[in-house]
Structures are given as structure tokens and as C-alpha cells.
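Numbered by full-length UniProt numbering, the letters in the sequence shown go through residues 1 to 387 in order.
By construction, the Cβ of each residue, glycine as well, lies at the ideal position given by its N, Cα and C atoms.
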Amino acid sequence: MSELQIGLLVLGVAVIALVYGFNVFQEWRFRKKTRQSFARSHPDVLLDVPKNNVRDGVKADRLEPVLVRDAPELDDDEPLPSLDDEPAPARHEPVTLTLPPEEEDDIAEGRDFDNADHQALVVSLLDPSLDFIAEVAFAEPHELATLPRFNVAKRVQIIGRTEKGLWKPAEALPGQRYKQLNIALQQVDRGGAVTEQELDSFCQQVARFADEHDAAVKLPHRQQKIVAARELDRFCADVDVLVGINVVPHSPLEGTRLRSFAESAGFTLEPDGAFHYLADSGNTLYSLVSADQVPFSLHTLLDRQFPAFTLLFDVPRVAGGVEVFDRAVEFAKRMAVEFDAELVDDNRRVLSDAGLARIRDQLVHIYGSMDDRGIAPGSVAALRLFA
């Protein structure tokens with residue numbers, strides 16, 4: 001190999017390394033910006049009571065419940081904006097919608113709905129206060145070969161209006177033709193608010209889909225939706241609280257004894273490795289986990305002893321609010337009596353009735369704020385925002 005060839009080879013390797021390094025730098029800068037935009041902190045207002053703020057997915061370090069402020073809502077019905085050029089990076093695929101069985105039966109049997117029923121169904125599936133909803137109207141009734149997919153970080157849901165005027169979760173089925181699709185990007189979840197880059201990317205992807213299928217697109221005003229999403233995210237961050245009550249026996253407890261006690265109290269062992277106490281709807285009211293993070297399973301419960309447990313209460317996701325918290329506290333006290341245990345905080349300080357009462361008072365404020373905001377604890381909106 002000649003010196004010229006060697007030199008060209010070295011130069012090519014250097015160029016590739018430079019491009020790779022630049023891409024790594026760009027990715028690092030984007031992640032840094034994202035972390036900064038999602039960062040948040042909350043002041044402690046109670047004793048060191050076990051509680052966890054879970055909006056950033058960090059469930060190990062528990063903080064304190066906080067009071068919240070109400071803020072005005074914005075009008076989302078705005079004209080179509082222009083599209084920008086840069087898409088946001090992909091994170092995950094969209095999810096699909098489901099209807100209650102009785103509504104699916106109505107649609108399958110072709111029963112008619114009047115206009116009010118149409119609108120009620122649309123509102124029950126997509127929510128303008130939570131979603132950025134793109135309306136895609138086809139020039140002619142259109143059959144979908146496949147459902148459109150969108151590379152965005154937030155949840156995407158799609159409903160369609162059929163030739164008969166029925167709204168239903170969109171499906172790619174032979175002979176099923178739609179006049180319109182409503183494609184909704186959820187603006188806020190426990191990862192934070194949607195970013196401008198993510199929203200721009202979503203709008204571009206919707207526009208490309210519409211162009212490919214000879215359809216017109218109507219979008220809300222993006223800047224106002226961004227402002228509304230950030231304000232909603234601030235509110236959600238203030239009420240997104242996970243209360244934990246640690247139960248510490250004086251000696252480690254056999255898993256078989258724990259299982260017998262939990263099941264007799266109505267708990268069910270779920271695949272996530274925790275015992276869950278469920279409402280009639282199937283939603284969790286509170287759960288019981290091992291304090292050392294060892295998942296419960298039939299095997300571990302049979303062979304292990306556990307030094308401590310934590311009863312968890314996911315505040316915004318529980319319908320019934322303070323009353324359910326009272327039941328959780330009562331169960332924790334029953335555990336303490338049954339297993340010769342103490343109720344303690346994360347620093348192993350004993351939780352007194354006065355300390356638990358102060359948590360309860362804070363929950364009253366949190367639930368009042370959620371009701372004032374129109375996001376009832378345990379409602380569909382709350383379950384979506386705090387998933």
C-alpha cells in the first residue's frame with residue numbers, strides 16, 4: 001500500500017471519528033437540555049414522613065407533600081399554524097385506545113348514535129385539556145392499510161369517524177373506511193410536559209401522513225398549547241405524591257406469614273412483585289412492597305424472611321382520596337399489632353398519630369386542589385397524567 005493510500009485511509013478514519021464525536025456531543029447537549037427542562041424541586045412542609053415524588057421516575061428518595069396554587073386555563077381552539085423543519089428524536093411507539101365492552105358492542109352491531117352521543121364518545125377518549133389533537137380529514141372515505149405510527153416521546157392515541165359517522169378507536173381493517181382521524185398527542189405525563197421540538201416533530205409527521213393520503217389537517221395553536229402544557233405540568237408536579245408508611249417488625253418476618261395476612265385482608269399478589277389492594281374497578285388503592293426492594297413472588301415468600309415492609313399510597317391515582325388513606329393507615333396499624341412492629345419514616349423515626357394526621361391534612365389540600373382544577377383523583381384524566 002502506497003503512502004498516498006495510507007494517508008487517504010488515515011484521513012477518512014479521522015473524518016468518520018470527527019462526525020461521530022460531533023453526533024455524540026449533539027446528543028449529550030440535547031439530553032442536558034431535557035434534564036434541565038424537567039428538573040424540579042419541592043420544599044419540605046411536614047416532618048420527615050415517608051413519601052415519594054414520582055414525576056421523574058425516581059421512587060427511592062421520598063419527599064414531603066406540598067401545597068399547590070391554582071392557575072388559569074387557556075383556550076385551545078386556534079387556527080392552523082405553520083410547520084417547522086426539525087423533528088424531535090424518537091423515543092417510543094404510540095399506544096392504542098380501547099372502549100368499554102358495551103360501547104364496542106354498539107359499534108359492532110351498527111347501532112346509531114345521535115350527535116350528542118358522538119361528541120360524548122369523542123370527549124371520553126380524547127381530552128383537549130390533556131391532548132394536542134390533530135384533525136385529519138380525508139377527501140374521500142379512506143381505508144387504512146396500517147395505522148400511522150409517530151416517533152415521539154409522549155403517548156399517541158387515534159380515533160376515527162367512519163362512513164356512518166360513528167367515532168371509534170381507529171383500526172386497519174379490510175372494508176373499514178374513515179372520513180376523519182383525530183390523532184392526539186398527550187401533552188403531560190410523569191416525564192414532564194411535551195417540548196416544542198417534540199410537538200413540532202409530531203405536527204410534521206401528521207402533515208406527512210396527511211399528504212400521503214390526500215387529507216387536510218387542522219391543528220390547535222402550538223404555542224398556546226405549549227404554555228398550557230407547562231402550566232399543567234407544574235400543577236401536576238405539585239400534587240404528584242406517593243405516601244409510604246414503613247412497617248418494621250422487631251424480628252424479620254417469614255414470607256408465608258406475610259402472604260397469609262395480606263391475602264386474608266383482601267390483597268392480591270400482582271406480577272410487579274407487590275401486594276395490591278384493589279377497588280371494584282380493578283385500580284390499585286394501595287400496595288404493599290418489601291422495604292429492601294426484593295419483589296414478592298411465590299418463591300421468595302416461601303423461602304425468605306423480610307426485615308421490613310412499605311405500604312404505598314399513590315395520591316393522585318386513588319379515587320376516594322382521604323377516606324382510602326385512612327383505610328391504608330388502619331391496615332398499617334393492624335400490621336404493626338399483628339407482627340409486633342413499628343410504623344416509622346425513612347430515617348427509622350417512629351410515626352406518631354400526630355405525624356400521620358399532618359399527612360392527612362396535606363392530602364385534604366392536595367385533593368381540594370385537584371378538584372378545583374377539574375382533575376378528580378383516580379379519574380381517567382388523573383390515571384393518564386400520573387401513569
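Per DSSP, the bridge partner or partners of residue i
i                 : result
histidine 142     : Tyr178
lysine 164        : Bridge partners of lysine 164: none, in fact.
leucine 288       : Phe275 and Leu311
leucine 185       : Phe132 and Val156
glycine 192       : Asp189
phenylalanine 306 : Leu253
residue 432       : The structure shown does not extend to residue 432, since the chain spans only 1 to 387, so no value can be given for it.
residue 395       : The requested residue 395 is not part of the displayed model; the chain covers only 1 to 387.
Boundaries of the alpha helix (DSSP H) in which residue i is found, first to last residue
i             : result
aspartate 314 : Premise fails: aspartate 314 lies in the beta strand (DSSP E), 309 to 314, not in any alpha helix (DSSP H).
aspartate 303 : 298 to 303
valine 380    : 380 to 385
Cut-off 6 Å between Cβ atoms - residues of its own chain near residue i, not counting five sequence neighbours on either side
i             : result
serine 37     : Below a pLDDT of 50, predicted positions are generally treated as unreliable, and serine 37, at 36, falls in that range; the measurement from the model is reported next regardless. If we look at serine 37 and ignore the five residues flanking it on each side, it has no Cβ neighbours.
proline 307   : Pro252
glutamate 135 : Asn182 and Lys218
arginine 304  : Gly255
histidine 250 : Asp340
isoleucine 6  : none
lysine 154    : Leu185, Gln186 and Val194
histidine 299 : none
alanine 376   : none
glycine 160   : Ala170, Tyr178 and Leu181
valine 13     : none
Proximity of residue i and residue j at Cβ, strictly below 7 Å
i                 : j                 : result
tyrosine 286      : alanine 328       : yes
alanine 137       : alanine 215       : yes
phenylalanine 313 : phenylalanine 296 : no
phenylalanine 150 : glutamine 205     : yes
asparagine 347    : alanine 291       : no
phenylalanine 209 : proline 148       : yes
valine 188        : aspartate 233     : yes
arginine 257      : leucine 301       : no
glycine 321       : tyrosine 367      : yes
leucine 199       : arginine 222      : yes
Spatial neighbours of residue i in its chain, beta-carbon cut-off 7 Å, leaving aside the 5 residues before and after
i             : result
glutamate 342 : Val248, Ala336 and Val350
leucine 11    : none
leucine 288   : Ala262, Phe267, Ala274, Phe275, Phe309 and Leu311
leucine 356   : Val329
glutamate 270 : His276
aspartate 353 : none
glutamate 172 : Strictly speaking, residue 172 in this sequence is alanine, with glutamate absent from that position. Excluding residues within five positions, the ones whose Cβ falls inside 7 Å are Leu144, Ala145, Thr146 and Leu147.
arginine 360  : Val322 and Phe325
proline 101   : Confidence in proline 101 is poor, its pLDDT being 43 and thus under 50, which makes the residue's placement unreliable; the coordinate value appears in the next sentence. Nothing meets the Cβ criterion.
aspartate 280 : none
histidine 213 : Phe138 and His142
proline 72    : Because proline 72 carries a pLDDT of 33, less than 50, the predicted location of this residue cannot be relied on, and no value is offered for it.
Residues near residue i by beta carbon distance below 8 Å, same chain, minus five either side
i              : result
leucine 383    : Asn283 and Arg317
arginine 177   : Pro141, His142, Glu143, Thr162 and Glu163
aspartate 272  : Pro295
serine 379     : Ala319
methionine 370 : Val239, Pro316, Ala376, Pro377 and Ala382
alanine 17     : none
Which ranges would you report for the alpha helix (DSSP H) in the region 202 to 286 if only whole runs of at least 4 residues count? 222 to 239 and 255 to 264
Extract the residue ranges of the beta strand (DSSP E) inside the region 328 to 376, only unbroken runs of 3 or more that lie entirely within it. 341 to 344
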